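Notes to accompany the following structure.
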Amino acid sequence: MRCIFLLLATAGLATFAQDSGFWTNRKDFTQQGYTEFAYAGSYLYAARPCEGIDIFQLDADNRLTHLNFFPLPGDTVEDIRIRGNRLFLQNALAEQMTYLQWYDLSDPVMPVFENQRRVRETYLVWFVSEDGGTLYEHGFIGFPLYGITRIALDHPHLEETPFAIIDDNRTGYDKIVVEGDQVYLLGFRRVSAATLKVGTGAVVTDTKEIVLNGFDFKLMDNGEVLLVQTEDLLYVYDVSTPGRLIHRTTAPSEIDAEREAQLVLDRQLLLAISETQIRQFSLANPGNPQLVEAEFAHCQPCLIDPAEQRLLAPGYDGLTIQDYSAGIATTTTSLREAHGTFTDVAWRDDLVVGFSDGELWFLDWSDPDAPRVTQRLTVGGLRADLSFSDNYLYTQILDREARDNQRLRVFNVANINRIFQVDFFDFDDSHQDGARLVGIKDRKISIYSLNPWNLHTPLAEWSPISDRDTYSDQDRVFLKDNFILTTVGHRWNIFQFTPSGIQFLSSHFMGARAFLWMGDVLYIADSRLIVLDMSNPADPQVITTAPLGHPPWGPARLSTPFNNSLFVSGLYGTTHFDISDIRNPKQTTLSVTGLNGDPAIQGNEGLFITECPSGLARVSFFDCDPPIFNDPPTRVVVCEGENTVIDSGLIGEYQNIIWMRDGEVIPGETGTTLAVQGQAGPPVRYSCAVSGTCDFATLIDIDVISGTCDLSSAYARWQTDGYFCDRLNPTVLDFAASINSGDTCP
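FYI, the numbering for the sequence shown is -17 to -1, 1 to 729, going by mature numbering (1 follows the signal peptide of the UniProt record, and there is no 0).
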């Protein structure tokens, strides 16, 4: 069985992720603002990366009210548009997995997911008809051609043959507008037009360059006039005769040719917007725009509200409204608050300590909905290890950005409102276990007692005897009972602390960025996860290895918040494993959006750093049971035109089931079995996504292979070149032998 674990990250799977396995309370500590916006009918939709969309309403008096937020799992929302009664967005769910998704806006405050399409080309551009019913996709369809495909959104997965092919082997276009049988395309510093001669099959159409240095274009509401913005000119074209220039208007100053430009249109008002300025034109005579003195404050992007005659300038964390009904009146409102960001965190009782860009933040978390910053201290450095012991916090800076003699700082945290530093030491790395602490500095290992507390007189020290054992700035040290583990370049060493001192045991040629030792099992994180048998510490034996979804860059960490759970954390993400089977760690993902960094664990709760948006998520863990499968098939063979039922093999408890066909969700299929029909063509991959009793999502893949069951036609097909195997003239006997051997070469 091919079995992988994943985070369900499409809006179409929203019902799949239930908070039955853990409870999350989240607090953002960052100015992770908005990047994409759409506006219609007094409603403003603002997207935040990796989070979702906030919905605001703007009344006639420019008062902004937050109405709702709906989450959108994924890396980033790249585009938002409203057409008819639908909200469209382009959402990057993972690397090389971008989807065009659309939502029903019958209730503008409660968007309802309708469907989605996989965007297979990164440079594909799309346009939706004004009624929101037809999608036009433009992208590469085969060298050297670009094409336009029309899709009816009521049947979005029925691919149409491209009804317009553009013979263009240059870079694709980044904007498309379709009006009747005319298509307008905006490419890099050029605008083109083509006539769509819709017929049977793909029809090559003529493409005419209108302008060689166009930056944006707009069709007038009457559909008769095309406006094109260039570096320093505004062109007006007659749509009835594509390419016929009516007028051009000279601007007093240039628009930066390397910057994005935008045209905003409202009846008789036209704004030409660049990175640095706004040019305003009067369209009282559409064929002859007149440049007027610009009174608008600069904005980019700009959204226009014709009904209320106001220009909206949404930004990263604020909204500026320019009312032009009578003169220009400006109103500014804030959308979000700004706080710090964290790369490392520790947690004990109500005290949360976060490390952010050389600063320690101390927070009182007694009220999870309103954490209070009690103190901020500058310590330097880019990464840190934080750990508690009794009433002390140990802060180990993991790079040289801190002052060299203060890389391990010890703070008294007995009083959450009065935290102070009690000592500092010059260690490249350190680790505390129980009543002892081990530190490493250049060529020397030192071990100290914490009970009684004495970090000035080591219990023992060890120094290397040759230059090849010299330690670098990135070396790590780990203490477990009486054993000390260290890294030296691409090797790691084992030492033992005895009454006579620190003794070297063995050296092993494999990378190690982090260690975790539990019982007789040692976990090592490097470019992969390595599991070792430590029943004899002097002679570790590799049990197994497993790939990491987020290989650590720089210092890494390993932690286990609850039974059978292992987190491998690095600078750019966290990989989670189910380690109930020591010999077969299974990679899983918890549904904590933007999980990053090492979790701080306290009892059955964890505090996670979230990367996108940067902040903290407080998680309560419950008993988690992954779905159980009874040997599901990896492939099923079915006759063409005949029906069969594939069984996931799922037994026991589960929360939800979703079936997918080649990655696309099959609506309404939520059972343990799925009826399929054999169809001519390549194998089809059906996937069954199942959630267990908590937010672990398991995916199994079953390939359905369709074949002909008519022997005469099967024999004829088998005789083609692809089935000759090693025989020049296969016979009926060879055919029979092939069938008996499972359709392999006899």
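Ideal Cβ placement from N, Cα and C applies to all residues, glycine included.
Since we're looking at a predicted model, the values are computed, not measured.
Item: For residue 368, I'd like the list of residues in its chain whose CB is within less than 6 Å of its CB, leaving aside the five on either flank, ordered along the chain.; Value: 379
Item: If you measure between the beta carbons of residue 274 and residue 210, is that distance less than 8 Å?; Value: no
Item: Just tell me which of 59, 81, 94, 74 has its CA closest to the CA of residue 811.; Value: The structure shown does not extend to residue 811, since the chain is modelled only from -17 to 729, so the question has no answer here.
Item: Is the region 326 to 344 close to the region 354 to 363, with three or more CB pairs under 8 Å?; Value: yes
Item: Buried or exposed: which applies to residue 446, given that a residue is buried once 16 or more other Cβ atoms fall within 10 Å of its Cβ?; Value: exposed
Item: Whole angstroms are fine: how far does the CA of residue 495 sit from the CA of residue 474?; Value: 7 Å
Item: How is residue 362 classed by DSSP in three states: helix, strand or coil?; Value: coil
Item: Report buried or exposed for residue 49, applying the criterion of at least 16 other Cβ atoms within 10 angstroms of its Cβ.; Value: exposed
Item: Just to check my reading of the structure: residue 415 and residue 370 have Cβ atoms closer than 8 Å, yes? What is that Cβ distance to the nearest angstrom?; Value: 6 Å
Item: Could you please give the first and the last residue of the uninterrupted beta strand (DSSP E) stretch that includes residue 475?; Value: 474 to 481
Item: Counting C-beta neighbours from all protein chains within 10 Å, is the total for residue 708 16 or more, i.e. buried, or is it exposed?; Value: Residue placement at residue 708 cannot be trusted, given a pLDDT of 47 that sits under 50; what the coordinates show is reported in the next sentence. Residue 708 should be labelled exposed.
Item: For the beta strand (DSSP E) containing residue 51, name the first residue and the last one.; Value: 47 to 54
Item: Skipping 5 residues on each side, what residues in its chain have a beta carbon closer than 8 Å to that of residue 68?; Value: 87, 88, 89, 115
Item: Contact defined as beta carbons within less than 8 Å: I believe residue 110 pairs with residue 60. What is the distance between those atoms, to the nearest angstrom?; Value: Wrong, their Cβ atoms sit about 18 Å apart, outside the cutoff.
Item: Return the chain-ordered list of same chain residues with a C-beta closer than 7 Å to the C-beta of residue 432, the five sequence neighbours on each side being excluded.; Value: 418, 419, 442
Item: Should residue 377 and residue 391 be called a contact, given that it needs their Cβ atoms to be closer than 8 Å?; Value: yes
Item: Examine the Cβ distances between the region 502 to 516 and the region 476 to 488 and report whether three or more of them are shorter than 8 Å.; Value: no
Item: State yes or no: is the C-beta of residue 461 within less than 8 Å of the C-beta of residue 408?; Value: no
Item: My guess is that residue 689 and residue 661 are in contact by the Cβ rule of under 8 Å, so how many angstroms apart are they, rounded?; Value: 4 Å
Item: Using the Cα positions of residue 582 and residue 484, report the straight-line distance between them to the nearest angstrom.; Value: 34 Å
Item: Report the partner residues of residue 261 according to the DSSP bridge assignment.; Value: 256
Item: With distance defined between alpha-carbon atoms, name the residue in 667, 619, 618, 672 nearest to residue 642.; Value: 672
Item: Let me confirm a value: residue 453 is counted as buried when at least 16 other C-beta atoms fall within 10 Å, else exposed. Which label applies?; Value: Any reading at residue 453 must be qualified, since the residue scores a pLDDT of 48, below 50, and its modelled position is unreliable; the value itself is stated next. Counting Cβ neighbours within 10 Å, residue 453 comes out exposed, since fewer than 16 surround it.
Item: Using the beta-carbon count (16 or more within 10 Å), is residue 705 buried or exposed?; Value: Unreliable placement is indicated for residue 705, whose pLDDT of 48 sits below 50; the coordinate value is still reported in the next sentence. Label assigned to residue 705: exposed.
Item: Go ahead and pull the three-state DSSP assignment for residue 68.; Value: coil
Item: When you compare only the Cα positions, how much space is there between residue 334 and residue 666?; Value: 55 Å
Item: Under 6 Å Cβ to Cβ from residue 525, same chain only, skipping five residues before and after it: list those, please.; Value: 515
Item: Starting from the Cα of residue 401, find the closest Cα among 490, 564, 436, 356 and give me that residue.; Value: 356
Item: Relative to the alpha-carbon of residue 521, which residue among 509, 530, 500, 487 has its alpha-carbon at the smallest distance?; Value: 487
Item: Whole angstroms is fine: what's the gap from residue 270's alpha carbon to residue 83's?; Value: 36 Å
Item: With residue 769 and residue 21 assumed to form a contact (beta carbons below 8 Å), what rounded beta-carbon distance in angstroms separates them?; Value: Beyond the ends of the chain as shown, which are -17 and 729, falls residue 769; an answer cannot be given.
Item: The beta strand (DSSP E) with residue 500 in it runs from where to where?; Value: 497 to 501
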